[in-house]
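K.L.:
Questions regarding the structure given below will be posed in turn.
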Amino acid sequence: MSKIYDAALYVRLSREDGDKEESDSITNQKALLRSFVADKPDMVLYSEYVDDGYSGVDFNRPQLKKMMEDIQAGLVNCVIVKDLSRLGRDYIEVGRLLQRTFPAFCVRFIAVTDHFDSLTASYSETSLVLPVKNFINDSYSRDISVKVRSHQRLKRENGKFIGAFCMYGYKKSEQDKNMLVPDTYAAIIVRWIFRWKLEGYSNSAIAERLNEYGILSPMEYKRLQGEQYLTGFATGLWARWSAVAVKRILENG
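So the sequence shown is residues 270 to 522, counted in the working numbering.
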């Protein structure tokens, strides 16, 4: 009686791969892998693990970790991916999985479009071909990272704004998201803060005055504008003005 494999389908897509690339879309990766398993009498689909929006160089992906937990629990003994780069783009980490971790747990590994199956692979494929593919994937990821950093540096040199959130008192231009323009409401509050400082108020006194007037703190104002803003400075459900927030505005002004 032939061995039956409990297969895990692992799917990954990140922005560096290009969300608009149809062949690498989450939907098409799933369809390809499901079709592959359906055609194999010695396989049953155990589960699908999808990391959407995670880089291949990041191995702390939630679904990858969940899959590894299921492997260690003996629930999965076959991992199937579209191609090697879906598993990861760090050749050292991928090599560790393929040549140590998976064999240690007797896990069969299949990369469909790379035509690799650890069950039937020859020694040369395992010891030479896979490391080369891993290295190419890793180099691709590093090249993309260098290009992104270079593009961001060029934007900064040209006076473009590249941050996710603007400093309080400004907003992104509707015509050009890389250009800052004054935020009419917040700019008034910033002027108050500078005027009170010149009048001799301490940062704490300014914060207390703003809270007494019911002025939204920078964090709450961003939330009101619909921005998905999170910060480690939040200590309650409703963030109030603080001396630190006032100091930050004075220094950034």
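From the three backbone atoms N, C-alpha and C, an ideal C-beta is built for every residue, glycine too.
Bear in mind that the values here come from a model prediction, so they are computed numbers and not experimental data.
According to DSSP, what are the bridge partners of residue 318?
P.N.:
Answer is 279, bridged to residue 318.
K.L.:
Can you find the residues in the same chain that come closer than 7 Å, C-beta to C-beta, to residue 460, ignoring five residues on each side of it along the sequence?
P.N.:
So no residue of the chain qualifies.
K.L.:
Are the segment 342 to 355 and the segment 298 to 317 touching by the rule of at least three beta carbon pairs closer than 8 Å?
P.N.:
Verdict: yes, contact present.
K.L.:
Return helix, strand or coil for residue 466, following the three-state DSSP convention.
P.N.:
Note: residue 466 maps to helix in three-state DSSP.
K.L.:
Whole angstroms are fine: how far does the CA of residue 485 sit from the CA of residue 351?
P.N.:
Approximately 49 Å between the Cα atoms of the pair.
K.L.:
Per DSSP, what kind of secondary structure is residue 369 in: helix, strand or coil?
P.N.:
Residue 369: helix per DSSP, three-state reduction.
K.L.:
To the nearest angstrom, how far is it from the Cα of residue 376 to the Cα of residue 339?
P.N.:
The alpha-carbon atoms of residue 376 and residue 339 are separated by roughly 11 Å.
K.L.:
Closest to residue 283 by CA distance: which of 463, 356, 462 is it?
P.N.:
Taking only the C-alpha atoms, the option nearest residue 283 is 356.
K.L.:
Identify the continuous alpha helix (DSSP H) that holds residue 334 and give its terminal residues.
P.N.:
It spans 331 to 341 - the alpha helix (DSSP H) in which residue 334 sits, taken as one unbroken run.
K.L.:
Between residue 505 and residue 470, what straight-line distance do the alpha-carbon atoms span, to the nearest angstrom?
P.N.:
Residue placement at residue 505 cannot be trusted, given a pLDDT of 47 that sits under 50; the coordinates are not used to answer.
K.L.:
Compute the beta-carbon to beta-carbon distance between residue 515 and residue 475, rounded to the nearest angstrom, for a pair I have assumed lies under 8 Å.
P.N.:
Contact holds; Cβ gap of about 5 Å.
K.L.:
In chain order, what residues of the same chain have a beta carbon less than 6 Å from the beta carbon of residue 448, not counting five sequence neighbours either side?
P.N.:
Excluding residues within five positions, the ones whose Cβ falls inside 6 Å are 442.
K.L.:
Rank 481, 366, 382, 310 by C-alpha distance to the C-alpha of residue 297 and give the top, closest one.
P.N.:
Checking every option, the nearest Cα to that of residue 297 belongs to 382.
K.L.:
By Cβ distance, which residues of its chain are closer than 7 Å to residue 276, with the 5 residues on each side in sequence left out?
P.N.:
Excluding residues within five positions, the ones whose Cβ falls inside 7 Å are 306, 312, 313, 314, 315, 347, 349.
K.L.:
Quick check on residue 310: does DSSP put it in helix, strand or coil?
P.N.:
Coil, per DSSP.
K.L.:
Below 8 Å on the Cβ atoms is my contact criterion, and I expect residue 319 with residue 359 to pass it. Report the Cβ-Cβ distance as a whole number of Å.
P.N.:
Contact flag wrong, Cβ pair sits at about 20 Å.
K.L.:
Taking the C-alpha atoms as reference points, what is the distance between residue 462 and residue 519?
P.N.:
Approximately 8 Å between the Cα atoms of the pair.
K.L.:
Is the CB-CB distance between residue 385 and residue 362 below 8 Å?
P.N.:
No. Outside cutoff.
K.L.:
What residues in its chain sit with their C-beta under 6 Å from that of residue 379, if we drop five residues either side in the sequence?
P.N.:
Cβ neighbours of residue 379 beyond the five flanking positions: 349, 386.
K.L.:
Using a Cβ-Cβ cutoff of less than 8 Å, which residues in the same chain neighbour residue 435 once the five nearest sequence positions on both sides are dropped?
P.N.:
Same-chain partners within the cutoff: 441, 449, 452.
K.L.:
Once DSSP output is grouped into helix, strand and coil, what is the label at residue 440?
P.N.:
Three-state DSSP puts residue 440 in a strand.
K.L.:
Just checking my contact of residue 480 with residue 517 at CB under 8 Å: how many whole Å lie between their CB atoms?
P.N.:
That pair is no contact at about 16 Å.
K.L.:
Report the three-state DSSP secondary structure of residue 475 (helix, strand or coil).
P.N.:
Residue 475: helix per DSSP, three-state reduction.
K.L.:
Hey, would you say residue 437 sits closer than 8 Å to residue 487, going by beta carbons?
P.N.:
Yes, these two residues count as a Cβ contact at 8 Å.
K.L.:
Around the Cβ of residue 523, are there at least 16 other Cβ atoms within 10 angstroms (buried) or fewer (exposed)?
P.N.:
This structure gives no information on residue 523, because the portion of the chain shown stretches from 270 to 522.
K.L.:
Count the other CB atoms, across all protein chains shown, that sit within 10 Å of the CB of residue 472; report buried if there are 16 or more and exposed otherwise.
P.N.:
Label assigned to residue 472: buried.
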